[in-house]
Amino acid sequence: MITLTHYLVLSGILFSIGIVGVLRRKNLLMLFFSTEILLNAVNIGFAAVSKYYGDLSGQIFSFFIIAIAASEVAVGLGLLVLWYKRSGTIDLDSLQMMKG
Amino acid sequence: MFEAIAFYMFSILVIGMFLIVVFSKNALYSMSALAGGMIFISGFFFLLDADFLGVVQIIVYTGAIMAVYAFGMMFFDTTRDVKENIRFKKIIYTLSTLSAIFVIFILLAPVYSGKIEALYPSIQGVGNIQMIGLILFTKYLVPFELAAIMLLAAMISGIVLVKIKMEETPTDIEVAKGEK
Numbered sequence: 124m125i126t127l128t129h130y131l132v133l134s135g136i137l138f139s140i141g142i143v144g145v146l147r148r149k150n151l152l153m154l155f156f157s158t159e160i161l162l163n164a165v166n167i168g169f170a171a172v173s174k175y176y177g178d179l180s181g182q183i184f185s186f187f188i189i190a191i192a193a194s195e196v197a198v199g200l201g202l203l204v205l206w207y208k209r210s211g212t213i214d215l216d217s218l219q220m221m222k223g
Numbered sequence: 124m125f126e127a128i129a130f131y132m133f134s135i136l137v138i139g140m141f142l143i144v145v146f147s148k149n150a151l152y153s154m155s156a157l158a159g160g161m162i163f164i165s166g167f168f169f170l171l172d173a174d175f176l177g178v179v180q181i182i183v184y185t186g187a188i189m190a191v192y193a194f195g196m197m198f199f200d201t202t203r204d205v206k207e208n209i210r211f212k213k214i215i216y217t218l219s220t221l222s223a224i225f226v227i228f229i230l231l232a233p234v235y236s237g238k239i240e241a242l243y244p245s246i247q248g249v250g251n252i253q254m255i256g257l258i259l260f261t262k263y264l265v266p267f268e269l270a271a272i273m274l275l276a277a278m279i280s281g282i283v284l285v286k287i288k289m290e291e292t293p294t295d296i297e298v299a300k301g302e303k
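Just so you know, the protein sequences line up as chains A and B, in that order. So in the working numbering, spot 61 of the first sequence is number 184, and the numbers just go up one at a time. So in the working numbering, spot 2 of the second sequence is number 125, and the numbers just go up one at a time.
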């Protein structure tokens, strides 16, 4: 029998995988991928809570999260392409512009 | 029974795919693994009776977002392995472990408190997609319209950021190349 806790633990595991990715990767493209993992983990949690408590608000919230992820990708990838054209690298360390 | 089998199968697949995304050295491999993981996640939504969300997950995430990533990766050199100099490994792993434990506590807290009540209980005998339509266009109408405006702004900014100069049409560029 699969309970709500199963889904929440799965969501937590996926979220921590995403956090490890955000902390570990230095490539900006990989950072974007890890952000997608974070958003998806939260989506699973919302959908599970929405089913087990009989309330559809969770699904609506994951719907909005998907919309936000879509616009984040459009803007973020545009900025990334712009940065790559200017500096020739997408390494996170190249963004230290305020270094004295 | 089948629910349990499906749950464990999909969890193993999704966790494996996302581990490949996080630990792979090649950007192309990790993008493909991410697309696969997105499709497997939609399996969870179908298991959770969230049919509409599962379909949206496949269409928007795998169809639109991963396609945008694939187009964006044409600008970068993705055939080479990603080179990263990682310092402070111990600090990173300690921080990730700590934050993972905190996240699990945050997630488990409402389950054991038992004080959650359905704010808008779903009506029996109404399908999932119909119910989503009912709620989305009554209680969440303003956020829905705001999301539409946000998507429009994101689309315009995406075009403006990546565009070549608008006054130079492609035929002009070809003519200029021919004159050289």
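Even for Gly, the Cβ is constructed at its ideal location relative to N, Cα and C.
- With A/LYS149 as the anchor, note down where its alpha helix (DSSP H) starts and where it stops. No alpha helix (DSSP H) contains A/LYS149, which DSSP labels as neither H nor E.
| query | Quick one, which of B/LEU151, B/TYR152, B/ILE215, B/ALA187 has its alpha-carbon nearest B/MET278's? | reply | B/ALA187
Can you check DSSP and say which residues form a bridge with A/ASP214? A/ASN150
Open item on the list: Short of 8 Å Cβ to Cβ, which residues in the segment 148–167 of chain A face chain B?
Closed with: ARG148, LYS149, ASN150, LEU152, MET153, PHE155, PHE156, SER157, GLU159, ILE160, ASN163, ASN166, ILE167
**Item:** Alpha carbon of B/LEU142 to alpha carbon of A/GLY141, nearest angstrom
**Value:** 9 Å
Residue closest to B/ALA156, alpha-carbon to alpha-carbon, out of B/PHE169, B/GLY139, B/SER165: B/GLY139
Cutting at 7 Å between CB atoms, please list the residues of its own chain near B/ILE255, excluding the five before and the five after it. PHE175
Subject >> Within chain A, the residues that B/PHE199 reaches when beta carbons sit closer than 9 Å >> reply: LEU152, LEU203, VAL204, TYR207, ILE213
Closer than 9 Å between beta carbons: that is the criterion. Which residues of the segment 172–183 of chain A meet it against chain B? VAL172, SER173, LYS174, TYR175, TYR176, GLY177, ASP178, LEU179, SER180, GLY181, GLN182, ILE183
Q.
To the nearest angstrom, how far is the alpha carbon of B/PHE228 from that of A/GLY181?
A. 20 Å
Extent of the continuous alpha helix (DSSP H) run through B/ILE138 = 125–146
Check: For the segment 188–200 of chain A, which residues have a beta carbon sitting closer than 7 Å to at least one beta carbon of chain B?
Finding: ILE189, ALA190, ALA192, ALA193, SER194, VAL196, ALA197, VAL198, LEU200
Checklist line | Helix, strand or coil at B/ASP174 according to DSSP, with G and I counted as helix | finding: helix
Self-check item: Residue from A/VAL204, A/PHE187, A/ILE160, A/SER210 with nearest C-alpha to A/SER134
Solution: A/ILE160
Applying the 10 Å Cβ sphere with the 16-neighbour rule, what's the burial state of A/LEU131? buried
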